[in-house]
Amino acid sequence: MPTSPTNSAMPEPSGVRRRSLLGAAAAAPVLAGLSGTASAATGSRRRPRALPGGGDLGPNVIVFDPSTPNIQGRLDEIFRQQERAQFGTGRYQLLFKPGTYHGLNAQIGFYTSISGLGLSPDDTTINGDVTVDAGWFDGNATQNFWRSAENLALVPVNGTNRWAVAQAAPFRRMHVRGGLNLAPAGYGWASGGYIADSRVDGTVGPYSQQQWYTRDSAVGGWTNGVWNMVFSGVEGAPAQGFPDPPYTTLDTTPVSREKPFLYLEGADYRVFLPALRTNSRGVTWGNGTPRGTSLPLDRFYVAKPGDSAATLNQALEEGLNLLLTPGIYHVDQPVRVNREDTVVLGLGYATLIPDNGVTALRVADVDGVRLAGFLIDAGPVNSPVLLEVGPEGASADHSANPITVQDVFIRIGGAGPGKATTSMVINARHTVVDHTWVWRADHGDGVGWETNRCDYGVVVNGDDVLATGLFVEHFNKYDVQWNGERGRTIFFQNEKAYDAPDQAAVQNGSIKGYAAYKVGDQVTTHEGWGMGSYCYYNVNPGIVQHHGFAAPNRQGVRFHHLLVVSLSGNGQYECVINDTGSPTSGTSTVPSTVVSYP
102 MPTSPTNSAM PEPSGVRRRS LLGAAAAAPV LAGLSGTASA ATGSRRRPRA
152 LPGGGDLGPN VIVFDPSTPN IQGRLDEIFR QQERAQFGTG RYQLLFKPGT
202 YHGLNAQIGF YTSISGLGLS PDDTTINGDV TVDAGWFDGN ATQNFWRSAE
252 NLALVPVNGT NRWAVAQAAP FRRMHVRGGL NLAPAGYGWA SGGYIADSRV
302 DGTVGPYSQQ QWYTRDSAVG GWTNGVWNMV FSGVEGAPAQ GFPDPPYTTL
352 DTTPVSREKP FLYLEGADYR VFLPALRTNS RGVTWGNGTP RGTSLPLDRF
402 YVAKPGDSAA TLNQALEEGL NLLLTPGIYH VDQPVRVNRE DTVVLGLGYA
452 TLIPDNGVTA LRVADVDGVR LAGFLIDAGP VNSPVLLEVG PEGASADHSA
502 NPITVQDVFI RIGGAGPGKA TTSMVINARH TVVDHTWVWR ADHGDGVGWE
552 TNRCDYGVVV NGDDVLATGL FVEHFNKYDV QWNGERGRTI FFQNEKAYDA
602 PDQAAVQNGS IKGYAAYKVG DQVTTHEGWG MGSYCYYNVN PGIVQHHGFA
652 APNRQGVRFH HLLVVSLSGN GQYECVINDT GSPTSGTSTV PSTVVSYP
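Encoded structure:
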């Protein structure tokens, strides 16, 4: 058990996937020309009855106040159900009204979100803990996906809160009045995660976390790191030192707009929409009322599992926003977001599943759309694209009011057979992708090189796109392909697909393997910071990957702090980026790094 900081990589347990993350990939996709209207009245002469705004949040949104009896018992009941339910259908949102709570330990399992209902985290104080550990997986935290904590103040019982998560598990708008431990009990394996708009009064200890990204926050200290800890706009962040110590530190974040959140004004629910910030640093909520606007709940269609795509589209056409309550939504046509400033907000990992190979959600080339807090799960019939942000050829300037995609996660396989050609396509200019995990499953049901095939993770065709916290993994070809100009990525975590059967299956013309992150040959300006790619070719450990990163060799295309790692020698990298960087070192799980390129 380590008692002092360590910068050494921890070994990979035999037969266990190492970690997962999100990112982006792909060659320019062929986008489906899908038909279908948003009206629920197809074939009828009558206009459908207007849908109501507001209403009940449904049975899987559990609301507590300080006088609620047996809060701990209810939390424990949900955790028992969700602790091991990695690919289950249960979805839960736990909401705490403003006030002070005592003696709680909210253990957070799969598809469970816990949030406070104040305007500030300090409006809702838990004297206790919000805990993620890995007892269910023998102390290995690399599969602690799909859970979140937001908008709470914590006073940890023993002074330090444990949040041992992996991908798709954001820690947002939190105030920890103590320390924060990001490793599981026993300091077992852990792979990477995300913190934003949070204040940790004490020290953050990542310990076994391989990579981590912290944005626009404040910390009392940071103890160590394994491969790359990335910070942008973080007060108290350690000084840059990559690769030893492994810190990538940017003083500010170029553009940010925090995730929308539900809160109470008196007895009424509203959704707060934080304001856009440029060159941001520190939390948004420290001094009085946060900057932004809010909408009453009656401006939202409160969707329930079982609602059809036609119903969701009717609500959008009528000028309502969407609040997706926890559960599974099958859509047989795209959900179409055509109006500027529309909000689509999910609670408790609400999940869209496209039927018959449709695109799950499409956004028009309009200002200010906010997508946040939901999961898209590929269906068994191949979808050309799962999420399309802006139509092909989108060109409008959205710099003053960008589209934001936050905690929107995509999964292909794992919960059952799923296929797509490209997971996420960003065509709209100035889009901000703030924390995503785009994952072609390496374990679970419906998993195999062709069974859950998806060639590309994230494809960016729009110019001036910013990604902060990009986790993309295991795609059959490029995990991320970036074709737009002036793109920027702060933090990228990737694993190449585990299950390639042989070298020929990943051969990219004359190049061995597809890069994890490919910048288009025509691009003249691009920049990335704090980016890592791992290989774990456990089906055929002899596979060679030429490089993790590929980009045109020109002065305007720049990278800072890159690494590639062969996990226990299951596959090898020959270079880091293009033909630059040393090969990985046999069976030693030690990164090969490039500090700057070119």
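All residue numbers for the sequence shown refer to the working numbering, where the first residue is 102 and numbers rise by one.
In this text, a Cβ means the ideal position worked out from N, Cα and C, and glycines have one as well.
All values reported here derive from a predicted model rather than from experimental measurement.
Start and end of the alpha helix (DSSP H) containing residue i?
i	result
F180	I172 to Q183
Going straight from the alpha carbon of residue i to that of residue j, what length do you get?
i	j	result
V665	G236	30 Å
T349	P339	9 Å
T213	D224	21 Å
G144	V490	A caution first: G144 carries a pLDDT of 41, below 50, which makes its placement in the model too unreliable to give a value.
K198	L365	8 Å
F211	D298	23 Å
L351	A250	25 Å
V266	V467	35 Å
S697	F593	15 Å
P699	Y635	21 Å
L446	V470	11 Å
R150	P160	25 Å
V384	T354	12 Å
L488	K597	21 Å
P435	S484	11 Å
W247	A270	5 Å
S514	G389	Per the sequence shown, the amino acid found at residue 514 is Gly instead of Ser. One C-alpha to the other measures close to 45 Å.
D369	L398	8 Å
N562	A652	15 Å
G321	L255	15 Å
N380	G334	8 Å
T688	E675	14 Å
Y557	N595	13 Å
At which residues does the beta strand (DSSP E) containing residue i begin and terminate?
i	result
L668	Premise fails: L668 is in no beta strand (DSSP E) and is neither H nor E.
E596	G588 to E596
E418	Not the beta strand (DSSP E): E418 falls in the alpha helix (DSSP H), residues A410 to E418.
E574	L567 to E574
C636	H627 to C636
P397	G393 to P397
H544	No beta strand (DSSP E) contains H544, which DSSP labels as neither H nor E.
S214	T213 to G217
L425	N422 to L425
F246	Unbroken run through F246: none, as it is neither H nor E.
V559	Y557 to V561
K405	No beta strand (DSSP E) holds K405; DSSP gives it neither H nor E.
V464	L462 to V464
A186	Note, A186: premise wrong, no beta strand (DSSP E); not H, not E.
Q434	From DSSP, Q434 is part of no beta strand (DSSP E); its letter is neither H nor E.
V444	V444 to G447
Would you decide whether residue i is buried or exposed? Buried here means 16 or more other CB atoms lie within 10 Å of its CB.
i	result
H499	buried
T532	buried
D173	Residue 173 is actually Gln in this sequence, not Asp. Looking at its Cβ environment, which holds fewer than 16 other Cβ atoms inside 10 Å, Q173 is exposed.
A605	exposed
H203	exposed
P222	buried
Q268	buried
A601	buried
L122	Confidence at L122 is low in this model, with a pLDDT of 28, below 50, so its placement is unreliable and the value that follows should be read with caution. Buried is the call here.
D234	buried
E178	exposed
P427	buried
S357	buried
R392	exposed
R192	buried
R655	exposed
E574	buried
T138	Confidence at T138 is low in this model, with a pLDDT of 34, below 50, so the placement of that residue should be treated as unreliable; the coordinate-derived value is given next. T138 should be labelled exposed.
Q312	buried
T243	buried
N325	buried
M644	For the sequence presented, residue 644 should be read as Ile rather than Met. Label assigned to I644: buried.
Contact the stretch 281-290 vs the stretch 564-578: 3+ CB pairs below 8 Å | no
Hey, which unbroken runs of the beta strand (DSSP E) at 3 residues or more fall wholly within the stretch 305-376?
-> 310-316, 319-323, 329-333, 348-351, 354-357, 362-366 and 369-375
Evaluate contact between the stretch 327-343 and the stretch 644-655, counting only Cβ atoms and requiring at least three cross-stretch pairs below 8 Å.
-> no
contact_flag[the stretch 480-496, the stretch 456-465] where n(CB pairs < 8 Å) is 3 or more = yes
Using 8 Å as the Cβ pair cut-off and three pairs as the minimum, do the stretch 369-386 and the stretch 583-591 touch?
-> no
Is the stretch 433-441 touching the stretch 178-188, taking contact as three or more C-beta pairs under 8 Å?
-> no
Which whole runs of the beta strand (DSSP E) in the stretch 490-537 are 3 residues long or more, in chain order?
-> 505-513 and 521-527
Do the stretch 428-437 and the stretch 447-456 make contact, defined as three or more Cβ pairs closer than 8 Å?
-> yes
Length at least 4, wholly inside the stretch 225-284: the alpha helix (DSSP H) runs in chain order = none
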